[in-house]
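*Asks:* Residue numbering for the sequence shown follows the numbering used here, beginning at 471 and increasing consecutively.
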Amino acid sequence: MIKRLDVKFVLTLIITSVVPIVASLYLVTEAVQTSLGVGLNRDIAQSLSRSVAVYKDYIEAIKSGHDGFMFRLADSARLEEACNAQDEAHIKTILRSLIRTGQIKEISVELGSGPVSIQYPFDDSQFRSVTRNATLKNPFCRSVEVVFGVDRNITANFKQAAQSTETYEALYRAPRDYLTQRVIMIYGVFLGLIVIISVWQGVFWTRRLTRRLHVLNLATRNVAKGDLDVRVDPGGEDEVAELIVSFNNMVDEIESTRARIQYLQKISTWQEIARRLAHEIKNPLTPIRLAAQQLKNKYKPCEDNSDAAFRRLLDQSVDIIEEEVHTLKRLVTDFSSFAKLPQISPEPMDVGEFLRDCESSLEIVAQQQDLSLLFQFPQPGLVVSIDSMMMKRVVDNLIRNASEAMINADVTNPSVVVRVEELSKTQEVAIRFEDNGPGIMPEHHPSLFEPYFTTKEDGTGLGLAISKKIVLEHNGVIWIDDEQQPGACFVVQLPLANRQKK
Ligand SMILES: Nc1ncnc2c1ncn2[C@@H]1O[C@H](COP(=O)(O)OP(=O)(O)OP(=O)(O)O)[C@@H](O)[C@H]1O
Ligand SMILES: [Mg+2]
471 MIKRLDVKFV
481 LTLIITSVVP
491 IVASLYLVTE
501 AVQTSLGVGL
511 NRDIAQSLSR
521 SVAVYKDYIE
531 AIKSGHDGFM
541 FRLADSARLE
551 EACNAQDEAH
561 IKTILRSLIR
571 TGQIKEISVE
581 LGSGPVSIQY
591 PFDDSQFRSV
601 TRNATLKNPF
611 CRSVEVVFGV
621 DRNITANFKQ
631 AAQSTETYEA
641 LYRAPRDYLT
651 QRVIMIYGVF
661 LGLIVIISVW
671 QGVFWTRRLT
681 RRLHVLNLAT
691 RNVAKGDLDV
701 RVDPGGEDEV
711 AELIVSFNNM
721 VDEIESTRAR
731 IQYLQKISTW
741 QEIARRLAHE
751 IKNPLTPIRL
761 AAQQLKNKYK
771 PCEDNSDAAF
781 RRLLDQSVDI
791 IEEEVHTLKR
801 LVTDFSSFAK
811 LPQISPEPMD
821 VGEFLRDCES
831 SLEIVAQQQD
841 LSLLFQFPQP
851 GLVVSIDSMM
861 MKRVVDNLIR
871 NASEAMINAD
881 VTNPSVVVRV
891 EELSKTQEVA
901 IRFEDNGPGI
911 MPEHHPSLFE
921 PYFTTKEDGT
931 GLGLAISKKI
941 VLEHNGVIWI
951 DDEQQPGACF
961 VVQLPLANRQ
971 KK
């Protein structure tokens, strides 16, 4: 199912990317063809050619202006006269008067005695120098050299215009389909790369997602088959991870609920056995005791005291019968009380208040057994929904057990500390019973809450079983904290009332 989901994701991704690609390729083809139709036409080609021709003419005009100037210089009778007179100042005046065109950097006349020149300030970055020479027939002055300035923009613009015109004409003459194909090819390659990258990304993320869903699916099937040990790694912090965390919490919940139900079922079976046993044992006890007493009362001893040994035996036997009957009666009472455990009827109660009640009722027990019993009361406001009578039985059992264990082990200064911890993460309260007795042997841990498990000579082994039943019925848990050293530590964990589990 997940495999199919994987394929569906990838197919959807491809379809959703292919549709816009095809549409955009169609639109681009149309757009390219329309713009080629608008942009490449005869009128523009002709206008461009004309503008190049205009530039050419303009440059030619500049050149002929230079030619004209050179001709006037060579032909000037006044210049010849001044040269003959070798009058430098006069030559310069004449040269200045001859200048009619702009952009002249320098004019230099070669006299026998050396050059005579006039110069003008000139911006080399804007003007390019063009040097022209003319030969004079004068014996004193043979040649003249002129440096013209030509605006650099004019030649640059001309070259650019010629180049653009050439490119445009090549495009104009090229077949339209060829151009369209080139544009679309470039666009297609670019688009293809983007699509490959995005599909690859999509597949990568989809795989990541579906892989976790696949694992979750397998885990769900295992849980359905009854395997409650499965847990899935959330593998991130997204919604799927949240789903997996919820799944794990749910399995935790199912597991503890199943354990709770199984335990309660087991206890109820044992209760039934206890009820029958109590019933069967209870009935013959009184007749046995009465019969034994009658035997003792009715027996008439011999006057010569010859039956002294028999009387002793009779007295001893009747005592043993009475003692055993007494023990069996106590057992019957315990069994009956276990069999008839009442249903709990919980009500909201402050934990501190409840523990204060327990303290006052256990005070005498503690005094009798020389036990230091210390209750550390929590802040008011921790409310649990409990049947206080039944829960007191749990506290009583735990403290009695601790006290008995410490008496049996001859512990000096036996003490029990009752502490309360708020477990805000699970919205629970933990009541800890810590003693400084001999502790519990690790091999006894698994059997401790089983009915009839006891290490005491006169114990019934029902105290912890009853306590666990009561705690489970309150939706709580009871467990042993191994890390508490020395001594034993029993923890009763109960859900806080009117608070939501996080
Ligand atoms: N605080 C403790 N320290 C050491 N051992 C303990 C402690 N609490 C319980 N145990 C052990 O757990 C066993 C079972 O306790 P549980 O209360 O069920 O029965 P019991 O005390 O033996 O009999 P009963 O409760 O009828 O007197 C005890 O026999 C004892 O070995
Ligand atoms: Mg006990």
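Built from N, CA and C at the ideal position, the CB exists for glycine as well.
Taking 8 Å as the cut-off, is the C-beta of residue 753 nearer than that to any heavy atom in ligand 2?
*Replies:* Incorrect: residue 753 has no Cβ contact closer than 8 Å to ligand 2.
*Asks:* At a threshold of 8 Å, does residue 926 count as lining ligand 1 (C-beta to nearest heavy atom)?
*Replies:* Because some heavy atom of ligand 1 lies under 8 Å away, the Cβ of residue 926 counts as near it: yes.
*Asks:* Taking only three categories from DSSP, how would you classify residue 419?
*Replies:* What the structure shows of the chain is the stretch from 471 to 972, and residue 419 is not part of that stretch, so it cannot be assessed.
*Asks:* Throw me the rounded Cβ distance for the residue 532 and residue 620 pair, which I believe falls under 8 Å.
*Replies:* The pair is a contact, with the Cβ atoms about 6 Å apart (cut-off 8 Å).
*Asks:* In the DSSP output, which residue or residues are listed as bridge partners for residue 949?
*Replies:* Answer is 961, bridged to residue 949.
*Asks:* Measuring from the CB of residue 933, is there a heavy atom of ligand 1 at a distance below 8 Å?
*Replies:* Result yes, Cβ under 8 Å from ligand 1.
*Asks:* For the region 595 to 607 and the region 539 to 548, state whether three or more C-beta atom pairs, one from each stretch, are separated by less than 8 Å.
*Replies:* Touching, per the Cβ criterion.
*Asks:* What residues in its chain sit with their C-beta under 7 Å from that of residue 635, if we drop five residues either side in the sequence?
*Replies:* So the list reads 518, 519, 522, once near-sequence residues are dropped.
*Asks:* Can you name the start and end residues of the beta strand (DSSP E) that residue 856 belongs to?
*Replies:* Start and end: 853 to 856.
*Asks:* When burial is assigned at 16 or more other CB atoms within 10 Å of the CB, is residue 831 buried or exposed?
*Replies:* It counts as exposed.
*Asks:* Looking at ligand 4, does it come within less than 8 Å of residue 746, judged from the CB to the closest heavy atom?
*Replies:* This structure lacks ligand 4; its bound ligands are ligand 1 and ligand 2.
*Asks:* Looking at ligand 2, does it come within less than 8 Å of residue 909, judged from the CB to the closest heavy atom?
*Replies:* No, since every heavy atom of ligand 2 falls outside the 8 Å radius drawn around the Cβ of residue 909.
*Asks:* Per DSSP, residue 597 is paired with what?
*Replies:* Paired residue(s): 621.
*Asks:* I think residue 502 touches residue 653, with their Cβ atoms under 8 Å apart; what is that distance to the nearest whole Å?
*Replies:* Contact flag correct, Cβ pair sits at about 5 Å.
*Asks:* Beta-carbon within less than 8 Å of residue 846's beta-carbon, same chain only, minus the 5 sequence neighbours each way: which residues are those?
*Replies:* Hits under 8 Å: 887, 888, 889, 890.
*Asks:* In whole angstroms, what separates the C-alpha of residue 781 from that of residue 763?
*Replies:* Going by the C-alpha atoms only, they are around 13 Å apart.
*Asks:* Drop a sphere of 10 angstroms on the beta-carbon of residue 629, count the other beta-carbons inside from all chains shown, and report buried for 16 or more, exposed for fewer.
*Replies:* Answer is exposed; the Cβ neighbour count stays below 16.
*Asks:* Straight-line CA distance for residue 741 to residue 955?
*Replies:* Roughly 34 Å between the two C-alpha positions.
*Asks:* What separation, rounded to the nearest whole angstrom, lies between the Cα atoms of residue 767 and residue 920?
*Replies:* Each residue's alpha carbon lies about 44 Å from the other.
*Asks:* Report yes if the CB atom of residue 899 is closer than 9 Å to the CB atom of residue 852, and no otherwise.
*Replies:* Yes; because the gap between Cβ atoms is below 9 Å, this pair is in contact.
*Asks:* Looking at the secondary structure, which residues open and close the alpha helix (DSSP H) in which residue 551 lies?
*Replies:* It spans 547 to 554 - the alpha helix (DSSP H) in which residue 551 sits, taken as one unbroken run.
*Asks:* Whose C-beta lies closer than 8 Å to the C-beta of residue 755 among residues of the same chain, with five residues either side of it excluded?
*Replies:* Result list for residue 755: 795, 798, 799, 802, in chain order.
*Asks:* Is residue 874 close to ligand 2? I mean its beta-carbon at under 8 Å from any heavy atom of the ligand.
*Replies:* The answer is yes for residue 874.
*Asks:* The beta strand (DSSP E) that contains residue 900, what's its start and end?
*Replies:* Here the beta strand (DSSP E) through residue 900 covers 898 to 905.
*Asks:* Put residue 972 into one of helix, strand or coil per three-state DSSP.
*Replies:* Residue placement at residue 972 cannot be trusted, given a pLDDT of 42 that sits under 50; what the coordinates show is reported in the next sentence. Looking at residue 972 - three-state DSSP - the assignment turns out to be coil, as it is neither helix nor strand.
*Asks:* Quick check: the region 938 to 949 against the region 724 to 741, are there 3 or more CB pairs under 8 Å?
*Replies:* Short answer: they touch.
*Asks:* On the DSSP bridge assignment, give the partners of residue 626 in chain order.
*Replies:* For residue 626, which the question treats as bridged, DSSP gives no partner whatsoever.
*Asks:* At 3 residues or longer, what runs of the beta strand (DSSP E) sit wholly inside the region 476 to 509?
*Replies:* If we require 3 residues or more, the region 476 to 509 turns out to have no beta strand (DSSP E) run fully inside it.
*Asks:* My output table needs one value for residue 839: the three-state DSSP class, helix, strand or coil.
*Replies:* In this structure, residue 839 counts as coil in the three-state DSSP scheme.
*Asks:* DSSP puts residue 750 in a beta bridge; with which residues?
*Replies:* According to DSSP, residue 750 bridges with nothing at all.
*Asks:* For residue 657 versus residue 510, is the C-beta spacing smaller than 9 Å?
*Replies:* No. Outside cutoff.
*Asks:* Does the distance from the C-beta atom of residue 958 to that of residue 913 stay below 9 Å?
*Replies:* Contact: no.
*Asks:* Do residue 825 and ligand 1 come close, with the Cβ less than 8 Å from some heavy atom?
*Replies:* No, the beta carbon of residue 825 sits no closer than 8 Å to any heavy atom of ligand 1.
*Asks:* Is the beta carbon of residue 676 sitting closer than 9 Å to the one on residue 479?
*Replies:* Yes.
*Asks:* Is residue 889 near ligand 1, going by C-beta to nearest heavy atom under 8 Å?
*Replies:* It does not: the Cβ of residue 889 is nowhere closer than 8 Å to a heavy atom of ligand 1.
*Asks:* Sorry if obvious, but does the Cβ on residue 805 come closer than 8 Å to a heavy atom of ligand 1?
*Replies:* Flag unset: Cβ of residue 805 not near ligand 1.
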